Amino acid sequence: MIAAAIAALAFSSMINATDRAPQDGPYAVDRYLCETAEYAVDFADAVANNAEEDFAKNIVGKIAKREVCGRYVGVAFVQEQKTMISAGFIYKLTALRFREDGKLAWVAERVFAVEGHPRSWHL
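Shown next as C-alpha coordinates:
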(Lines of atoms letter the chains of each structure in order from A and count residues from 1; the text may use other names and numbers.)
(Lines give C-alpha, C1' and ligand atoms only; values in the text may rest on other atoms or scores of the structure.)
Protein backbone atom coordinates (compact mmCIF):
# COMPACT_ATOMS: atom_id res chain seq x y z
CA MET A 1 0.00 0.00 0.00
CA ILE A 2 2.83 2.38 0.84
CA ALA A 3 4.52 1.58 -2.48
CA ALA A 4 1.30 2.45 -4.33
CA ALA A 5 1.16 5.82 -2.55
CA ILE A 6 4.80 6.54 -3.41
CA ALA A 7 4.14 5.58 -7.04
CA ALA A 8 1.10 7.85 -7.21
CA LEU A 9 3.06 10.76 -5.72
CA ALA A 10 6.02 10.28 -8.07
CA PHE A 11 3.75 9.89 -11.08
CA SER A 12 1.81 13.08 -10.24
CA SER A 13 5.05 15.06 -9.83
CA MET A 14 6.19 13.83 -13.27
CA ILE A 15 2.90 14.94 -14.79
CA ASN A 16 3.42 18.40 -13.29
CA ALA A 17 6.90 18.49 -14.84
CA THR A 18 5.30 17.75 -18.22
CA ASP A 19 3.29 20.97 -17.96
CA ARG A 20 6.53 22.97 -17.70
CA ALA A 21 8.59 21.00 -20.21
CA PRO A 22 8.33 23.08 -23.43
CA GLN A 23 9.96 26.17 -21.91
CA ASP A 24 12.89 24.33 -20.23
CA GLY A 25 16.33 25.05 -21.58
CA PRO A 26 18.54 25.71 -23.38
CA TYR A 27 20.96 23.07 -22.12
CA ALA A 28 24.35 21.95 -23.33
CA VAL A 29 23.97 18.29 -24.27
CA ASP A 30 26.69 15.67 -24.64
CA ARG A 31 25.11 12.24 -24.13
CA TYR A 32 23.58 9.25 -25.82
CA LEU A 33 20.05 9.84 -27.13
CA CYS A 34 17.71 7.85 -29.37
CA GLU A 35 15.30 8.58 -32.23
CA THR A 36 12.14 7.48 -30.35
CA ALA A 37 10.97 7.12 -26.77
CA GLU A 38 10.71 3.35 -27.18
CA TYR A 39 14.33 3.04 -28.34
CA ALA A 40 15.40 5.30 -25.46
CA VAL A 41 13.70 2.87 -23.04
CA ASP A 42 15.51 -0.06 -24.68
CA PHE A 43 18.80 1.85 -24.35
CA ALA A 44 18.18 2.69 -20.67
CA ASP A 45 17.25 -0.93 -19.99
CA ALA A 46 20.50 -2.17 -21.57
CA VAL A 47 22.57 0.32 -19.56
CA ALA A 48 20.74 -0.66 -16.35
CA ASN A 49 21.72 -4.26 -17.08
CA ASN A 50 25.42 -3.26 -16.97
CA ALA A 51 26.01 -2.66 -20.69
CA GLU A 52 28.47 0.10 -21.58
CA GLU A 53 26.83 2.92 -23.55
CA ASP A 54 28.53 1.95 -26.84
CA PHE A 55 27.44 -1.66 -26.38
CA ALA A 56 23.89 -0.58 -25.41
CA LYS A 57 23.74 1.49 -28.62
CA ASN A 58 24.61 -1.64 -30.60
CA ILE A 59 22.01 -3.73 -28.74
CA VAL A 60 19.26 -1.25 -29.61
CA GLY A 61 20.57 -1.00 -33.18
CA LYS A 62 20.20 -4.75 -33.58
CA ILE A 63 16.61 -4.54 -32.29
CA ALA A 64 15.82 -1.73 -34.76
CA LYS A 65 17.92 -3.25 -37.58
CA ARG A 66 19.61 0.13 -38.02
CA GLU A 67 21.42 2.70 -35.88
CA VAL A 68 18.83 4.60 -33.83
CA CYS A 69 20.88 5.79 -30.83
CA GLY A 70 24.07 7.77 -30.70
CA ARG A 71 26.01 10.50 -28.98
CA TYR A 72 24.43 13.91 -29.43
CA VAL A 73 26.37 17.11 -28.78
CA GLY A 74 24.82 20.55 -28.97
CA VAL A 75 22.39 22.95 -27.35
CA ALA A 76 18.84 21.71 -26.82
CA PHE A 77 15.52 22.61 -25.26
CA VAL A 78 13.18 20.20 -23.51
CA GLN A 79 10.36 19.67 -26.01
CA GLU A 80 8.29 17.13 -24.12
CA GLN A 81 8.35 14.95 -21.01
CA LYS A 82 6.22 11.93 -20.24
CA THR A 83 6.24 8.68 -18.33
CA MET A 84 5.99 5.13 -19.60
CA ILE A 85 5.72 1.72 -17.98
CA SER A 86 7.73 -1.01 -19.69
CA ALA A 87 8.62 -4.49 -18.39
CA GLY A 88 7.64 -3.56 -14.84
CA PHE A 89 9.62 -0.31 -14.65
CA ILE A 90 8.42 3.28 -14.80
CA TYR A 91 10.54 5.48 -17.06
CA LYS A 92 10.73 9.25 -17.28
CA LEU A 93 11.11 10.17 -20.96
CA THR A 94 12.43 13.49 -22.19
CA ALA A 95 12.44 14.72 -25.79
CA LEU A 96 15.13 17.26 -26.59
CA ARG A 97 14.93 19.61 -29.59
CA PHE A 98 18.33 20.78 -30.80
CA ARG A 99 18.80 24.44 -31.57
CA GLU A 100 21.35 23.93 -34.36
CA ASP A 101 19.36 21.66 -36.68
CA GLY A 102 15.93 21.24 -35.04
CA LYS A 103 16.48 17.48 -34.58
CA LEU A 104 14.40 15.74 -31.90
CA ALA A 105 15.96 12.99 -29.76
CA TRP A 106 14.86 11.07 -26.65
CA VAL A 107 16.43 10.01 -23.36
CA ALA A 108 14.86 7.65 -20.81
CA GLU A 109 15.58 7.30 -17.10
CA ARG A 110 14.36 4.44 -14.93
CA VAL A 111 12.43 5.89 -12.02
CA PHE A 112 11.35 2.77 -10.11
CA ALA A 113 9.77 -0.63 -10.47
CA VAL A 114 6.05 -1.36 -10.37
CA GLU A 115 5.13 -3.32 -7.24
CA GLY A 116 4.00 -6.88 -7.87
CA HIS A 117 5.79 -7.22 -11.20
CA PRO A 118 8.24 -10.16 -11.37
CA ARG A 119 11.13 -7.77 -12.12
CA SER A 120 10.25 -5.31 -9.34
CA TRP A 121 12.73 -4.35 -6.67
CA HIS A 122 12.11 -5.42 -3.09
CA LEU A 123 12.97 -3.09 -0.23
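Residue numbers (this note's numbering): 1 to 123. Note that CB positions come from ideal geometry on N, CA and C, so glycine has one too. Nothing here was measured: the structure is a model prediction, and the numbers come from that model.
State buried or exposed for residue i, treating a residue as buried only when at least 16 other CB atoms are found within 10 Å of its CB.
i: V29; result: buried
i: Y39; result: buried
i: K65; result: exposed
i: V62; result: Here residue 62 turns out to be Lys, not Val, going by the sequence shown. The residue is exposed, with fewer than 16 neighbouring Cβ atoms inside 10 Å.
i: A46; result: buried
i: F98; result: buried
i: V68; result: buried
i: A193; result: Limits of the chain in this structure are 1 at one end and 123 at the other, which puts residue 193 out of reach.
i: F89; result: buried
Are residue i and residue j closer than 9 Å when you measure CB to CB?
i: L104; j: A113; result: no
i: I59; j: A48; result: no
i: Y72; j: V41; result: no
i: A56; j: L93; result: no
i: G70; j: E100; result: no
If you follow the beta strand (DSSP E) that residue i is in, where does it begin and where does it stop?
i: D30; result: 27-34
Which residues share a DSSP beta bridge with residue i?
i: R97; result: F77, L104
i: G70; result: L33
CB of residue i to nearest heavy atom of the ligand HEM: below 8 Å?
i: T94; result: Looking at this structure, you won't find the ligand HEM or any other ligand, since it has none at all.
What residue range does the alpha helix (DSSP H) around residue i cover?
i: E53; result: 53-64
i: D42; result: 37-48
Below 8 Å on the Cβ atoms is my guess for residue i versus residue j; work out the distance and round it to an integer in Å.
i: L33; j: V78; result: Not a contact, Cβ separation roughly 12 Å.
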